[in-house]
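**Student:** My questions all concern the structure below.
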Amino acid sequence: MTRKPQPDEVSPTNHNQKPPSRAVIAGRVRGAGHERTGQPCQDFYFYQWDRDWAVACLADGAGSARFAHIGARRAVFAAGTLAVNALRRGTTDLTQCTKDALAAARLALEQQPAPISDYACTLLLVVQQGDRLATAQIGDGWIVLLRGQSSKAAHLPSRGQYVNQTNFLTQTTWCSHVQYQNHEQLPALNGFALLSDGLERATISLQDATPSHTFFNGLYGWLTKAETTPKQAKKALLTFLNSDRVRETSDDDKSMVLITRCHSGEATEPIPSKLVQPC
Amino acid sequence: MSHFLEEVDLVRNPEPRIPCVLLLDTSGSMIEDDNIHALNEGVQHMIDDIKADSLTRKRVELAIVTFGGRAIVRHDFQDVVDLTFTPFQATGGTPMGEAITTGLRLLENRKQEYKKHNVNYFRPIMWLMTDGLATDDIQGPARKVARTVQEAGLNMFCVGVEGADFDQLKTISPSPMRLKDSKFTDMFMWLSNSMKAISESQPGQKVAMPPGHDVWGEIQA
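Going down the list, the protein sequences come from chains A and B. Under full-length UniProt numbering, the residue at position 232 of the first sequence is numbered 232, and the numbers go up by one with no gaps. Under full-length UniProt numbering, the residue at position 214 of the second sequence is numbered 214, and the numbers go up by one with no gaps.
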């Protein structure tokens with residue numbers, strides 16, 4: 001019997017056929033702010049992959065929403081499963097896949113019993129197939145494309161004028177706040193990472209919106225070493241997220257998913273990409 | 001066992017800031033009931049309280065403008081940890097309009113600095129305290145405050161000490177507070193707690209102001 005993948009857990013399509021070219025590290029921890037108020041961690045993620053494709057999404061529930069943790073969990077599961085099913089059916093239109101996935105996540109929140117604003121959350125999504133990759137983002141958080149010496153952010157987080165404001169999937173105008181991007185032919189791509197905004201102050205240079213080369217490429221290098229086991233990696237990430245030096249950068253929940261892919265040679269070409277209009 | 005994540009250097013970003021400007025009446029009438037002394041004590045307590053909180057002290061930036069005779073910038077925006085407070089003297093008239101204009105200018109300049117250096121910030125706070133009636137034009141500055149508040153550019157608070165003209169304060173903020181029994185220290189401690197609540201807030205969170213404002217004040221109907 002095939003077990004359904006669950007949010008926030010490792011969910012390769014088939015453990016026996018795990019492609020040797022991929023390594024994954026993922027974890028989430030509750031922030032000090034939620035520890036003080038007794039609220040649960042409101043970050044959730046989902047990921048799944050097969051030999052030729054990978055899907056990852058991550059949602060951060062709004063601190064002000066009553067059921068933000070449920071909203072974030074439902075959103076990543078709905079978006080993730082739709083994208084996985086589309087790829088399994090053989091879709092090659094990754095942009096449409098990300099649009100359908102976000103629509104599925106929004107629908108999942110509309111179908112909840114309480115008013116939709118009670119389930120407010122952001123959403124990040126990456127769909128990768130061979131050398132192609134499509135990303136979507138509403139709200140804050142970061143999608144990082146790992147490329148040799150020059151990792152870059154797929155989008156800038158959408159913020160309001162002030163630091164404690166962002167956009168959510170539950171807004172009436174959510175469509176106009178989603179950023180989509182389609183990246184074609186990425187032979188130099190080492191992998192990608194999704195992270196909630198709770199981790200941004202430790203890993204992203206906010207002055208120029210540049211992912212930390214030391215962090216992301218160092219992590220990639222460590223993760224892809226033959227002696228690093230998945231169990232070790234997960235434990236190390238959770239220890240890191242809970243460490244004092246990371247916690248003092250933010251009181252918020254912190255989560256990350258990083259998936260590598262195999263390629264030969266260093267990144268030499270810029271990432272060709274084109275902006276896709278929001279739905 | 002040592003691994004990469006134990007040793008990796010983290011990015012050092014500047015803290016997001018909470019800009020707060022205090023507009024404080026130091027006109028001659030503040031000598032009555034020794035209000036000027038209570039005001040000085042209150043401000044000193046607030047600064048000490050912010051300095052004692054590890055997160056808030058990294059995020060709050062305070063500017064202080066006094067208006068007694070003329071509007072004077074006592075402290076332009078700076079981290080509270082770097083602020084050394086010198087007590088105010090009460091003297092002169094009440095140029096409240098000039099003080100508001102000065103406060104708005106300081107805030108606008110600070111916001112431009114934040115944007116220039118990519119520093120994230122919370123909605124600015126302007127806190128006006130007076131015991132009298134403005135002795136200069138208040139209409140223009142009040143309209144500018146109303147417009148800035150409407151554009152979500154400011155949280156404006158007005159507090160009147162006994163003797164203040166509340167009808168005039170209502171042209172600046174619709175719900176001014178009346179300070180009870182010169183409880184300046186309680187008022188400033190509440191403001192400090194409010195800034196702590198903001199500094200701990202998460203994205204999208206509506207920040208509830210801490211309880212206890214009824215200890216020092218009441219909304220003037």
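Even glycine gets a Cβ: it sits at the ideal position worked out from N, Cα and C. Since the structure is predicted, the reported quantities are computational estimates derived from the model, not experimental observations.
1) Tell me which residues of the region 6-21 of chain B have at least one Cβ-Cβ distance to chain A shorter than 7 Å, keeping chain order.
2) State buried or exposed for residue 90 of chain A, treating a residue as buried only when at least 16 other CB atoms are found within 10 Å of its CB.
3) Could you name the residues of the region 111-128 of chain B whose beta carbon sits closer than 8 Å to any beta carbon of chain A, in the order they occur along the chain?
4) Any Cβ of chain A within less than 8 Å of the Cβ of residue 197 of chain B?
5) My understanding is that residue 99 of chain B touches residue 142 of chain B, with C-beta atoms under 8 Å, so please give their C-beta distance in whole angstroms.
6) Cβ of residue 105 of chain A within 8 Å of Cβ of residue 79 of chain A?
7) Let's test the definition: count the other Cβ atoms within 10 Å of the Cβ of residue 224 of chain B and tell me whether it reaches 16, buried, or not, exposed.
8) Taking 8 Å as the threshold, find out whether the region 110-122 of chain A comes into contact with the region 66-78 of chain A through three or more Cβ pairs.
9) Is DSSP giving residue 254 of chain A helix, strand or coil here?
10) Considering just the uninterrupted stretch of the beta strand (DSSP E) at residue 76 of chain B, what are its terminal residues?
11) So which residues on chain B does residue 163 of chain A lean against when the C-beta distance must stay under 7 Å?
12) Should residue 146 of chain B be flagged as near chain A, meaning a C-beta pair shorter than 8 Å?
13) So, for residue 36 of chain B: in the same chain, excluding its five sequence neighbours on each side, which residues have a beta-carbon less than 6 Å away from its beta-carbon?
14) Short of 6 Å in beta carbon distance, which residues of its chain neighbour residue 13 of chain A, apart from the five on each side in sequence? Order them along the chain.
15) For residue 135 of chain B and residue 93 of chain B, what's the separation of their Cα atoms in angstroms?
16) Let me confirm a value: residue 242 of chain A is counted as buried when at least 16 other C-beta atoms fall within 10 Å, else exposed. Which label applies?
17) Give me the Cα-Cα distance between residue 29 of chain A and residue 138 of chain A, rounded to the nearest whole angstrom.
18) Between residue 203 of chain A and residue 215 of chain A, which are expected to be in contact by the criterion C-beta below 8 Å, what is the C-beta distance as a whole number of angstroms?
19) May I have a chain-ordered list of the alpha helix (DSSP H) segments no shorter than 4 residues that lie completely inside the region 53-141 of chain B?
20) Quick check: what's the CA-CA separation for residue 201 of chain A versus residue 10 of chain B?
21) So with Cβ pairs under 8 Å, would you call residue 67 of chain A a contact of chain B?
22) Nearest to residue 45 of chain B by CA position, among B/187, B/197, B/138, is which residue?
23) Could you tell me which whole alpha helix (DSSP H) segments of length 4 or greater appear in the region 73-128 of chain A?
24) Let me know if residue 99 of chain A comes out buried or exposed under the rule of 16 or more other beta-carbons within 10 Å of its beta-carbon.
25) State yes or no: is the beta carbon of residue 214 of chain A nearer than 8 Å to at least one beta carbon in chain B?
26) How about residue 57 of chain B and residue 18 of chain B: do their beta carbons lie closer than 8 Å?
27) Are the region 46-56 of chain B and the region 153-170 of chain B in contact at 8 Å, needing three or more beta carbon pairs?
28) Give the residues of chain B in contact with residue 28 of chain A, contact being defined as C-beta atoms less than 9 Å apart.
29) Should residue 63 of chain B be flagged as near chain A, meaning a C-beta pair shorter than 8 Å?
30) Can you confirm whether the region 107-117 of chain A touches the region 179-188 of chain A when touching is taken to mean that 3 or more C-beta pairs between the two stretches lie within less than 8 Å?
31) Who are the near neighbours of residue 258 of chain A in its chain, counting only those whose CB is closer than 6 Å to its CB and skipping five residues on each side?
32) Can you tell me which of the three DSSP states residue 181 of chain B falls into?
33) Tell me the rounded alpha-carbon separation between residue 86 of chain A and residue 254 of chain A.
34) Name the chain B residues whose beta carbon is nearer than 8 Å to that of residue 116 of chain A?
35) Helix, strand or coil: which one does DSSP assign to residue 12 of chain B?
36) If you run the structure through DSSP and keep just helix, strand and coil, what is residue 22 of chain A?
**Tutor:** Answer, in terms of the structure:
1) 8, 9, 10, 11, 13, 16
2) Looking up residue 90 of chain A in the first sequence gives position 90. So residue 90 of chain A counts as exposed.
3) 117, 118, 120, 121, 122, 123
4) For the purposes of this step, residue 197 of chain B is taken as the residue at position 197 of the second sequence. Answer no: the Cβ-Cβ gap between residue 197 of chain B and chain A never drops below 8 Å.
5) Mapped onto the second sequence, residue 99 of chain B falls at position 99. Mapped onto the second sequence, residue 142 of chain B falls at position 142. Not a contact, Cβ separation roughly 12 Å.
6) For the purposes of this step, residue 105 of chain A is taken as residue 105 along the first sequence, with counting starting at 1. For the purposes of this step, residue 79 of chain A is taken as residue 79 along the first sequence, with counting starting at 1. Cβ atoms of residue 105 of chain A and residue 79 of chain A: closer than 8 Å.
7) Since the first and last residues shown for chain B are 1 and 221, residue 224 of chain B lies out of range.
8) Contact between the region 110-122 of chain A and the region 66-78 of chain A is established, with three or more Cβ pairs separated by less than 8 Å.
9) What you label residue 254 of chain A is simply residue 254 of the first sequence in a count that begins at 1. Three-state DSSP puts residue 254 of chain A in a strand.
10) As a position in the second sequence, residue 76 of chain B is number 76, starting the count at 1. It spans 70-79 - the beta strand (DSSP E) in which residue 76 of chain B sits, taken as one unbroken run.
11) Position 163 of the first sequence holds residue 163 of chain A. By Cβ distance, chain B contributes 16, 120, 121, 122.
12) Here residue 146 of chain B corresponds to residue number 146 of the second sequence, with the count starting at 1. Chain A contact via Cβ: absent.
13) Mapped onto the second sequence, residue 36 of chain B falls at position 36. These residues qualify, in order along the chain: 30, 90.
14) Residue numbering aside, residue 13 of chain A sits at position 13 when the first sequence is read from its first letter. Caution applies to residue 13 of chain A, whose pLDDT of 42 falls short of 50 and renders its modelled position unreliable; the model cannot decide the point.
15) As a first step, residue 135 of chain B is located in the second sequence; it is residue number 135 there, counting from the start. As a first step, residue 93 of chain B is located in the second sequence; it is residue number 93 there, counting from the start. Approximately 6 Å between the Cα atoms of the pair.
16) Stepping through the first sequence from its first residue, residue 242 of chain A is reached at position 242. Classification of residue 242 of chain A: exposed, given that the 10 Å Cβ count is below 16.
17) Residue mapping note: residue 29 of chain A aligns to position 29 of the first sequence, counting from 1. Residue mapping note: residue 138 of chain A aligns to position 138 of the first sequence, counting from 1. In a straight line, the C-alpha of residue 29 of chain A is about 21 Å away from that of residue 138 of chain A.
18) Here residue 203 of chain A refers to the residue found at position 203 of the first sequence. Here residue 215 of chain A refers to the residue found at position 215 of the first sequence. At roughly 5 Å, the Cβ-Cβ gap stays under 8 Å, so residue 203 of chain A and residue 215 of chain A are in contact.
19) 56-59, 96-116
20) For the purposes of this step, residue 201 of chain A is identified with residue 201 of the first sequence, where counting begins at 1. For the purposes of this step, residue 10 of chain B is identified with residue 10 of the second sequence, where counting begins at 1. Cα-Cα distance, rounded: 8 Å.
21) Taking the first residue of the first sequence as 1, we reach residue 67 of chain A at position 67. No, its Cβ sits nowhere closer than 8 Å to a Cβ of chain B.
22) Here residue 45 of chain B is taken as the residue at index 45 of the second sequence, counted from 1. For the residues B/187, B/197, B/138, the minimum Cα distance to residue 45 of chain B belongs to B/187.
23) List check, alpha helix (DSSP H) in window: 94-110.
24) By 1-based counting over the first sequence, the position of residue 99 of chain A is 99. It is buried - the Cβ of residue 99 of chain A has at least 16 other Cβ atoms within 10 Å.
25) Taking the first sequence and counting its residues from 1, the one referred to as residue 214 of chain A is at position 214. Interface residue, yes.
26) Position 57 of the second sequence, counting from 1, holds the residue named residue 57 of chain B. Position 18 of the second sequence, counting from 1, holds the residue named residue 18 of chain B. No, they are not a contact pair.
27) no
28) Start at 1 with the first residue of the first sequence, and residue 28 of chain A comes out as number 28. Going along chain B, no residue has its Cβ under 9 Å from residue 28 of chain A, so there is no contact; the nearest lies around 15 Å.
29) Reading the second sequence from its first residue, position 63 is the one you call residue 63 of chain B. No, residue 63 of chain B does not count as interfacial toward chain A.
30) no
31) Taking the first residue of the first sequence as 1, we reach residue 258 of chain A at position 258. Hits under 6 Å: 25, 193.
32) The residue you call residue 181 of chain B lines up with position 181 of the second sequence. The answer is coil: DSSP assigns residue 181 of chain B none of H, G, I, E or B.
33) Looking up residue 86 of chain A in the first sequence gives position 86. Looking up residue 254 of chain A in the first sequence gives position 254. Straight-line measurement puts the Cα of residue 254 of chain A at about 29 Å from the Cα of residue 86 of chain A.
34) Locating residue 116 of chain A in the first sequence gives position 116, where the first residue counts as 1. When 8 Å is used as the limit between beta carbons, residue 116 of chain A is near no residue of chain B, the shortest such separation being about 14 Å.
35) Position 12 of the second sequence, counting from 1, holds the residue named residue 12 of chain B. Note: residue 12 of chain B maps to coil in three-state DSSP.
36) Working through the first sequence from its first residue, we reach residue 22 of chain A at position 22. Coil.
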